[in-house]
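Student: Numbering (mature numbering (1 follows the signal peptide of the UniProt record, and there is no 0)), first residue to last: -20 to -1, 1 to 130.
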Amino acid sequence: MNRRRTSLALATLLLGLAVAGCGSSNDEGAQQNTTPGATTSAPPTPSEVAQPQGQPFTADPTIVGAHPIPFSSWARVADDKIAVNFQTGAPECYGVDAVTTETDKTVTVELRGGTRADAVGRMCVMIAVFGTMEIPLKAPLGDRTVLSAA
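1) Assign Thr86 to buried or exposed, taking buried as 16 or more other Cβ atoms, counted over all protein chains shown, within 10 Å of its Cβ.
2) Taking the alpha-carbon positions, what's the Gly94 to Ala46 distance?
3) What number of angstroms, rounded off, separates the C-alpha of Ala63 from the C-alpha of Pro36?
4) According to DSSP, simplified to helix, strand and coil, what is Ala78?
5) Give me, in chain order, the residues of the same chain whose beta-carbon lies closer than 8 Å to that of Ile49; leave out the 5 immediate sequence neighbours on both sides.
6) Do Ala70 and Gln31 have their CB atoms nearer than 9 Å?
7) In this structure, does DSSP put Ala70 in helix, strand or coil?
8) Residues in the same chain with beta-carbon distance under 6 Å from Ser53, minus the five sequence neighbours each way, listed in chain order, please.
9) Could you give the C-beta distance for Glu82 and Leu127, rounded to a whole number, given that I count them as a contact under 8 Å?
10) Which residues does DSSP pair with Ala58 in a beta bridge?
11) Between Ile43 and Arg124, is the Cβ-Cβ spacing less than 9 Å?
12) Just list the residues that DSSP pairs Ser53 with in beta bridges.
13) With distances taken between CB atoms, is the gap from Tyr74 to Ala99 smaller than 9 Å?
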């Protein structure tokens, strides 16, 4: 009987230690503020480069699951055309499309990436590809700033 009490006491002690180890600490100094919207910042302005740098992509308005993607740089192709450089997946499976908003001072490009309609349900390789897409402008670029909406 004495052995049984000792085993029960030991099991209770181990259970208590396990529960205490799973608890949370009250160390407020180590906590970080992860509240959504606590800090906001504008997306970085893409840099201008001398020429397009990636594999050419053509705008595909039929992409599925479209989501905004940023572009890191852009190139002036003609007075009324720019090329944006971005990262995406394999061109056999992933496509891009863009909506451009032009003002007197800026050209804002909302680049969207998604799955090509003909690749839905197909097995795709997960690799990163550096791509480029040319975007026609309604007016010559001039000295306007090019911005990414993502």
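Yeah, the Cβ is synthetic: ideal placement off N, Cα and C, and Gly gets one too.
Tutor: From the atom records:
1) Here residue 86 is taken as the residue at index 106 of the sequence shown, counted from 1. Exposed, because fewer than 16 other Cβ atoms sit within 10 Å of the Cβ of Thr86.
2) The residue given as residue 94 occupies position 114 in the sequence shown. The residue given as residue 46 occupies position 66 in the sequence shown. So the alpha carbons of these two residues sit roughly 4 Å apart.
3) To locate residue 63, count along the sequence shown from 1; it is residue 83. To locate residue 36, count along the sequence shown from 1; it is residue 56. Roughly 9 Å between the two C-alpha positions.
4) In the sequence shown, residue 78 corresponds to position 98, counting from 1. The answer is strand: DSSP assigns Ala78 an E or B state.
5) Numbered from its first residue, the sequence shown carries residue 49 at position 69. Non-local beta-carbon contacts of Ile49 in its own chain, meaning distances under 8 Å to residues more than five positions away in sequence, involve Phe66, Gln67, Thr68, Val76, Leu91, Arg92, Gly93 and Ala130 in chain order.
6) If you number the sequence shown from 1, residue 70 lands on position 90. If you number the sequence shown from 1, residue 31 lands on position 51. Between Ala70 and Gln31, the C-beta gap is not smaller than 9 Å, which leaves the two residues out of contact.
7) Along the sequence shown, read from residue 1 onward, the residue named residue 70 stands at position 90. Reduced to three states, the DSSP call for Ala70 is coil.
8) Reading the sequence shown from its first residue, position 73 is the one you call residue 53. Pro26, Ser27, Val29 and Asn65, listed in sequence order.
9) Position 102 of the sequence shown, counting from 1, holds the residue named residue 82. Position 147 of the sequence shown, counting from 1, holds the residue named residue 127. At roughly 11 Å, the Cβ-Cβ gap does not stay under 8 Å, so Glu82 and Leu127 are not in contact.
10) One-based indexing of the sequence shown puts residue 58 at position 78. Bridge partners of Ala58: Lys61.
11) On the sequence shown, residue 43 is found 63 positions in, with the first residue counted as 1. On the sequence shown, residue 124 is found 144 positions in, with the first residue counted as 1. Not a contact, by the Cβ cut-off of 9 Å.
12) Stepping through the sequence shown from its first residue, residue 53 is reached at position 73. Ser53 is bridged to Ser27 and Asn65.
13) Sequence index remark: in the sequence shown, residue 74 carries index 94 (1-based). Sequence index remark: in the sequence shown, residue 99 carries index 119 (1-based). In this structure, Tyr74 places its C-beta atom within 9 Å of the C-beta atom of Ala99.
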